[in-house]
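When the letters of the sequence shown are read in order and numbered with the working numbering, they come out as residues 4 to 170.
Heads up, the beta-carbon is just placed ideally off N, CA and C, and yes, glycines get one too.
Each remark here refers to the structure printed beneath this line.
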Amino acid sequence: MFSLPAVRYLPETADHAAAIEAIAAEAFGPGRFARAAERVREMSPHDENLSFVAIFDGVVVGSVRQTPIAIGSRACVMLGPLAVRPVYKGQGVGRRLMALAEAAARDRGETAIMLVGDRAYYMPLGYRPLPAGSVTMPGPVDPARILGLPLVDGGLEGLAGRVRSRG
Ligand SMILES: CC(C)(COP(=O)(O)OP(=O)(O)OC[C@H]1O[C@@H](n2cnc3c(N)ncnc32)[C@H](O)[C@@H]1OP(=O)(O)O)[C@@H](O)C(=O)NCCC(=O)NCCS
């Protein structure tokens, strides 16, 4: 793997919205709106201060978003979608976006991140499966794909219940 030195990483702003939507359409197709994680994002807007874009030559080539949520009585951040344009895959852009997202959540005092995704990609980044049946999403989801990252000691403990908007 080599990295693209000219890629810049910035917090997301409203100007990036159209490009991010195009990347999500390319990565996930029309079925993306049926995903349980998308249902959560319809309940709560993502937080641009916890969301990042990768920019190459003035063009958005990757994006990660995070949404403040609650699981049961615990505050948590839901990460996703994460997507990198196909031509730019395999060059560390995804991992760098993941690192920025984690650091931003940590800096904000969040205690855990959850996501729905591939174990093979996220477990090397420290994510671990949440106990089957512990977290209920507002739509069908493969429980084996619900993963969590503690940002403090015990950050995943007691993370159980229905995913809902915060506040
Ligand atoms: C997943 C994704 C964001 C990774 O972005 P990326 O910039 O290519 O990732 P990185 O370059 O940081 O890491 C690439 C590594 O992850 C691996 N990888 C990519 N997708 C993977 C997956 N689904 N499962 C396991 N490993 C995966 C690659 O094989 C590569 O491994 P290597 O470093 O040993 O060669 C990108 O492939 C993508 O947009 N995919 C389509 C959308 C998607 O699946 N999003 C994630 C939702 S679960």
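Next item on the list: Between the Cα of E45 and those of E29, G158, M140 and P134, spot the shortest distance and give me the residue it belongs to.
Entry: It is M140.
Next item on the list: Enumerate in chain order the residues of its own chain whose CB-to-CB distance from L13 is below 6 Å, with the five nearest sequence positions on each side excluded.
Entry: Excluding positions up to five away in sequence, the list reads V56.
Notebook entry, point to check: Does the Cβ of V119 have 16 or more other Cβ atoms within 10 Å, making it buried, or fewer, making it exposed?
Noted result: Result: buried.
Next item on the list: Going by CA-CA distance only, name the one from R88, A106 and G65 that's closest to V80.
Entry: If we check each option's Cα against that of V80, A106 comes out closest.
Notebook entry, point to check: So, do the segment 78-95 and the segment 23-31 have three or more beta carbon pairs nearer to each other than 8 Å?
Noted result: Touching, per the Cβ criterion.
Checklist line | Check whether I72 and V138 have beta carbons under 8 Å apart | finding: no
Checklist line | Buried versus exposed, by CB contacts within 10 Å (16 or more), T16 | finding: exposed
Margin query: Looking at S168: is its Cβ nearer than 8 Å to the Cβ of S47?
Written below: yes
Notebook entry, point to check: Roughly how many angstroms separate the alpha carbons of E113 and V155, rounded to a whole number?
Noted result: 8 Å
Next item on the list: Along the alpha helix (DSSP H) that carries L100, what are the first and last residues, could you check?
Entry: V96 to D110
Next item on the list: Leaving aside the five residues before and after P42 along the sequence, list all residues of the same chain whose C-beta is less than 8 Å from its C-beta, in chain order.
Entry: According to the sequence displayed, residue 42 carries Arg and not Pro. Contacts found: M140, P141 and G142.
Check: Whose CA, out of E24, P33 and A147, lies closest to the CA of A123?
Finding: A147
Notebook entry, point to check: Based on Cα-Cα distance, which residue from P134, P127 and D50 lies nearest to G83?
Noted result: D50
Note to self: Does L62 pass the burial test, meaning 16 or more other C-beta atoms within 10 Å, or should it be called exposed?
What the structure shows: A small correction: the amino acid at residue 62 is Val; Leu does not occupy that position in the sequence shown. When all chains shown are included, V62 counts as exposed.
Next item on the list: Work out the CA separation of G158 and V64 for me, nearest whole Å.
Entry: 32 Å
Next item on the list: If I'm right that M101 touches V67 with Cβ under 8 Å, what's the distance once you round it to whole angstroms?
Entry: 7 Å
Note to self: Closer than 7 Å to a non-hydrogen atom of ligand 1 - does that hold for the CB of F31?
What the structure shows: Relative to ligand 1, the beta carbon of F31 is positioned inside 7 Å of a heavy atom.
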